[in-house]
Amino acid sequence: MDFPQVPILGSDDEKALKLAMALAFPQAPRVTCTRHYFSHSLADKVVLPKQEQQHFITQIFGDSGIIAHGVDQMDIADRIQHMAESIENRSVQKLIELMSPLLVENAKGLERPGLHFACPLWTNNNFESLNQFLKQALSWRSLKLI
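What the sequence shown shows, in full-length UniProt numbering, is residues 1 to 146, in sequence order.
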């Protein structure tokens with residue numbers, strides 16, 4: 001079995017984890033679970049009702065909730081452009097401007113000749129966060145603050 005020379009690294013948007021991956025594997029493409037990043041941003045940074053959040057997520061990720069295999073950078077850019085043109089809410093437009101580079105970078109990181117994924121596209125639900133495994137290995141438990 002041939003493995004790629006450089007691994008593709010995936011994570012959520014934890015800054016420390018992303019920095020550690022960049023330092024350990026500077027040449028490796030990194031992908032972020034954009035669907036979760038996007039939905040959390042709509043809920044926490046823009047504060048949209050759940051129905052509107054779902055509408056915007058569906059426009060980018062489709063009805064299935066994931067970007068299907070074979071979607072490339074141009075497809076993502078077209079979806080973002082179409083969505084941006086249909087939105088009047090300035091906060092959401094700003095969020096789209098912030099998300100666009102992340103979505104395009106993810107698509108770019110996953111476009112590798114000869115590389116085929118067992119699943120349609122990586123999300124951090126396909127492989128739980130590294131933190132979960134570390135917590136289990138250490139029998140970590142949260143403590144009461146008071």
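C-beta: ideal position from N, C-alpha, C; glycine also.
For S100, the CB contacts under 8 Å within the same chain, skipping 5 residues up- and downstream, are A77, I80 in chain order. For the pair E52 and L102, the Cα-to-Cα distance works out to about 21 Å.
From the listed residues E14, A20, Q27, the smallest Cα separation to V6 is found for Q27.
DSSP lists G10 as the bridge partner or partners of V31.
Contact check for V31 against I57 fails: the beta carbons are separated by 9 Å or more. DSSP places K15 inside the alpha helix (DSSP H), whose first and last residues are 15-24.
R79 carries a helical assignment under DSSP once its states are collapsed to helix, strand and coil. Per the C-alpha coordinates, the member of M21, D75, I60, M74 positioned closest to S86 is I60. Only residues of its own chain outside the window of five on either side were considered, and among them V6, P7, L9 have a CB closer than 8 Å to the CB of F25, listed in chain order. Around the C-beta of L143, fewer than 16 other C-beta atoms lie within 10 Å, and the residue is accordingly described as exposed. A direct Cα-to-Cα measurement between A16 and L95 gives close to 22 Å.
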